[in-house]
């Protein structure tokens, strides 16, 4: 049997786990916002401009984890090197949400092209045939 102090400490530690970024329903979004704000502040090329474009690609769920990397390191590195903001979003087509997510690239066109080249270098077509870098048309 636990004393009151032990019971409270176990409750406080378990409640801390429930509120961390990846355990809450919108945790992925909050975590992405933290990374996005960090990179915007630390890299002058990532300040939004009127010339920015948006390019979206479908990413298989089997590749999403590799693209994000441990604690977001891979997606941060690619974003930083290419001078774009990369965001992983749920697929807008309900029929495809079980298999795909959308990677949104935002930046100047030449930087988006650079990011696509970096993605293909890191995830070659012969090893990742399901990763198609063609633009996905968003249904509004």
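Numbering (UniProt numbering), first residue to last: 1 to 140. Glycine included, C-beta positions come from ideal geometry on N, C-alpha and C.
- Those residues which DSSP pairs with residue 89 across a bridge: 102
- Inter-residue Cα distance where the pair is residue 141 and residue 78: For the chain, the structure presents residues 1 to 140; residue 141 sits outside this window and is missing.
- Taking 8 Å as the threshold, find out whether the stretch 68-82 comes into contact with the stretch 112-131 through three or more Cβ pairs. yes
- Query: Around the C-beta of residue 106, are 16 or more other C-beta atoms found within 10 angstroms, so that it is buried, or is it exposed?
  - Reply: buried
- Task: Would you list the one or two residues that DSSP bridges to residue 55?
- Result: 105
- Evaluate residue 101 with the Cβ neighbour count: other Cβ atoms within 10 Å of its Cβ, from every protein chain shown; 16 or more gives buried, anything less gives exposed. buried
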